[in-house]
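Q: Numbering (mature numbering (1 follows the signal peptide of the UniProt record, and there is no 0)) for the sequence shown: -21 to -1, 1 to 445. Beta carbons: idealized from backbone N, C-alpha and C, even for Gly.
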Amino acid sequence: MGFIHGFFFLIFSLLLISSSALPARLTKSSSSSSVSMSSMSSSSTQINSNSVLVALLDSHYTELAELVEKALLLQKLEQVVGGNNITIFAPKNDALERDLDPEFKRFLLEPGNLNSLQTLLLFHVIPVRVNSDQWPSHRHHTTLSNDKLHLNHGKHHKMVDLAKVVNPNDVVRPDGVIHGIERVLIPQSVQEAFNRRRNLRSISAVLPEGAPVVDPRTNKLIKKKSSPAGPPAPPGSPPAVSIYEAMSPGPSMAPAPAPGPGGPRHHFDGEAQVKDFIHTLLHYGGYNELADILVNLTSLATEMGKLVSEGYVITVLAPNDDAMSKLTTDQLSEPGAPEQIVYYHVIPEYQTEESMYNAVRRFGKVRYDTLRLPHKVSAEEADGSVRFGSGDGSAYLFDPDIYTDGRISVQGIDGVLFPIEDKDDDVVKKISSRPAKIVPKSRRAKLLETSCWMLGSMRRHFDACQ
C-alpha cells in the first residue's frame, strides 16, 4: 500500500510541475512574437537614409520641402515609398516664392485650407518611377491626389501638363526620382475652391425674413396675403421701390429683395460689378482700408452688389488710406459704426467728377442724399475742385473717376465725412437766450383795483364830513 501511495504522489507532483511550466512558456513565446512583430512593423515604416524623401528634404527645393512638412504629408509619403517607387515633380523655389499669386499662397497656408494644400502637393507626385530616358510621348498618370497628370515629350523639352521640365533627373535614388519643373501645378479642384473663396456669393448673408405678426384680438398669427405677380418689368427700367426700402433692415445683413428688372437671374450682374470695383480700388493703390471694410469687416460689398443687381445706381465717395488711418478706435468700436460711416459715403445717384463739378459751379452749394437717412452731404466748389462737408470735417475730391461703369461710380476723397449733428449745448443756449414773456394783467384784476380805489376815496370823504 505504501508503494502505491508513493507512486500516485509522484505522478500528481509531475502533473503540477508541468501545468505550472506551460503558461510560462506561452507568455514567453507570445512576448517574443510581439517583440518580433513590433520590430517588423518598425522596420517596415523606417525610411532608408538613401531614400528620395530624405533627398528631397536635403535638396535645394527648400520651398517645396517646407510645404510638405507644413501639410503633414511625410508619413503618407513614407507609406507610399515603402511599397512603390515614386516620381516627384518639384517646382523651383522662385515659382513658389515669387511667381505664385500672393493671395493664392495665403489661401493655401490658412489652417482651414489644409486639404487644398495637401491636394496640390500630392498632385506633384505619381506612384511610378519615370526617368528622363523613359519619358513617354503622350501619357496620363494618376497622381497621389487621384487627379490625372499628362506627360508629354516635345521636340526640344519635356512637359508635365503646362510646366516645362528644367532639371530632368535632378535627384535619383533607388526608390524614386525628382525632376525640376519651372512652375507650380495646380489641380482643378484646388483652383475651384480658391475661386469660390474669392467669390462674393460665398460670403453673402442669409436673406432676412419678416417677423411674424400676431393679431391682438385673436392672439393668432396673421397670414400674409399672396398677391398675384404682375408682368415682368422690361430690361433697364428703374426699380419699383426706393433704394432705402431695398436696403437691409440693419447693419451686416443682406438687403431685402426688391422688385427690380429681371427676377432671380438679374439683368445686371451687380456682384461682379462690385467685385470689379473693389479690385480696381486695390490695384489703384491707397484705398486698401475701405476695401477691407467693405469685404471683411462688414457685408456691405454683398449688399451693394444686390442693390446694383436690382437696378439701382450708386456713387461711392471713397476716403483714402491716409484719411481712414485718422479714425480713432472709439469711432470704429461701436456696434454698426463701420456700416454707418460707409452709408454716409454712398450717394443713391450716379455722379461723375464732371457732373458734380458742373452742379456746384452752377448752383453754388448742392446737397446729395446718402444711404444714412436722414443725413445729407453737402458739396460746393473750392480751389477748382469739389469740396464735401464744411469746416474741419470737409474733404476734397482727390482722385476723380476711379471707377465708372454706368451703374457704380467711385470718387476718391481725402477725408472721412461725418454728418453735422446739433449739440445739446447749442440747444440749451438757444433756449436760455429767448426773451422772457411779459404776462399782462387780467381785466378782472383791473376792475377790482378800480372799485377798491373808489370805495377808499368815498370813505375818506365821509370821515372829513363828520
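By DSSP's criteria, Y375 is part of a beta bridge. Which residues make up the other side?
A: The residue labelled residue 375 in the question sits at position 396 within the sequence shown. R366, per the DSSP bridge assignment.
Q: Can the beta-carbon of Y323 be found less than 9 Å from the beta-carbon of T349?
A: Locating residue 323 in the sequence shown gives position 344, counting from the first residue. Locating residue 349 in the sequence shown gives position 370, counting from the first residue. Cβ atoms of Y323 and T349: closer than 9 Å.
Q: Which value, in whole angstroms, describes the spacing of the CA atoms of E45 and H39?
A: Counting from 1 along the sequence shown, the entry for residue 45 is found at position 66. Counting from 1 along the sequence shown, the entry for residue 39 is found at position 60. Each residue's Cα considered, the two are about 11 Å apart.
Q: Using only the alpha-carbon positions, how far apart do D309 and R351 sit?
A: Within the sequence shown, the letter at position 330 stands for residue 309. Within the sequence shown, the letter at position 372 stands for residue 351. Each residue's Cα considered, the two are about 20 Å apart.
Q: Using 9 Å as the threshold, is the C-beta distance between R118 and I65 below it?
A: Your numbering for residue 118 matches position 139 in the sequence shown. Your numbering for residue 65 matches position 86 in the sequence shown. Cβ distance not < 9 Å, so R118 and I65 don't count as in contact.
Q: What is the residue span of the beta strand (DSSP E) that V339 lies within?
A: In the sequence shown, the residue the question calls residue 339 occupies position 360. That residue, V339, is in no beta strand (DSSP E); its alpha helix (DSSP H) goes 332 to 342.
Q: Enumerate in chain order the residues of its own chain whose CB-to-CB distance from M303 is below 7 Å, with the five nearest sequence positions on each side excluded.
A: As a position in the sequence shown, residue 303 is number 324, starting the count at 1. E268, L269, V395.
Q: Please list the terminal residues of the continuous alpha helix (DSSP H) segment that includes I320.
A: On the sequence shown, position 341 is the one that residue 320 refers to. Unbroken alpha helix (DSSP H) run through I320: 316 to 323.
Q: For the segment 242 to 300, which segments carrying the alpha helix (DSSP H) assignment without a break, of at least 4 residues, lie completely within its bounds, in sequence order?
A: The qualifying runs are 249 to 263, 267 to 271, 279 to 288.
Q: How big is the Cα-Cα spacing for I105 and H262?
A: For this step, residue 105 is matched to residue 126 along the sequence shown. For this step, residue 262 is matched to residue 283 along the sequence shown. Going by the C-alpha atoms only, they are around 39 Å apart.
Q: Given a cut-off of 9 Å on the beta-carbon distance, is the pair A142 and L96 in contact?
A: As a working mapping, residue 142 is identified with position 163 in the sequence shown. As a working mapping, residue 96 is identified with position 117 in the sequence shown. Not a contact, by the Cβ cut-off of 9 Å.
Q: Report yes or no: do three or more beta-carbon pairs, one from the segment 355 to 363 and one from the segment 382 to 389, lie closer than 8 Å?
A: The answer is no - the segment 382 to 389 does not touch the segment 355 to 363, with fewer than three Cβ pairs under 8 Å.
Q: Have a look at E250 and L260 and give me their C-alpha separation to the nearest angstrom.
A: Start at 1 with the first residue of the sequence shown, and residue 250 comes out as number 271. Start at 1 with the first residue of the sequence shown, and residue 260 comes out as number 281. Between E250 and L260, the C-alpha separation is close to 15 Å.
Q: Given that a residue counts as buried once 16 or more other Cβ atoms are within 10 Å of its Cβ, and exposed if not, what is Q390?
A: Residue numbering aside, residue 390 sits at position 411 when the sequence shown is read from its first letter. Counting Cβ neighbours within 10 Å, Q390 comes out buried, since at least 16 surround it.
Q: For G159, count neighbouring Cβ atoms within 10 angstroms of its own Cβ and tell me buried if that reaches 16, exposed if not.
A: Sequence index remark: in the sequence shown, residue 159 carries index 180 (1-based). Looking at its Cβ environment, which holds 16 or more other Cβ atoms inside 10 Å, G159 is buried.
Q: Here's the rule: buried if 16 or more other CB atoms are within 10 angstroms of the residue's CB, otherwise exposed. What is R152?
A: Residue numbering aside, residue 152 sits at position 173 when the sequence shown is read from its first letter. With 16 or more other Cβ atoms within 10 Å, it is buried.
Q: Excluding five sequence neighbours on each side, which residues of the same chain lie with their C-beta closer than 8 Å to the C-beta of E76?
A: Here residue 76 is taken as the residue at index 97 of the sequence shown, counted from 1. Once the five neighbours on either side are set aside, the close Cβ partners of E76 are E42.
Q: Starting from the Cα of G91, find the closest Cα among K285, L279, F173, S436 and give me that residue.
A: Taking the sequence shown and counting its residues from 1, one reaches residue 91 at position 112. Selected option, being the one with the closest Cα: F173.
Q: If I'm right that V253 touches G284 with Cβ under 8 Å, what's the distance once you round it to whole angstroms?
A: Position 274 of the sequence shown, counted from the first residue, corresponds to residue 253. Position 305 of the sequence shown, counted from the first residue, corresponds to residue 284. With a Cβ gap of about 4 Å, V253 and G284 count as contacting.
Q: In angstroms with no decimal places, state the Cα-to-Cα distance between K355 and P81.
A: Along the sequence shown, one-based indexing puts residue 355 at 376. Along the sequence shown, one-based indexing puts residue 81 at 102. Roughly 40 Å between the two C-alpha positions.
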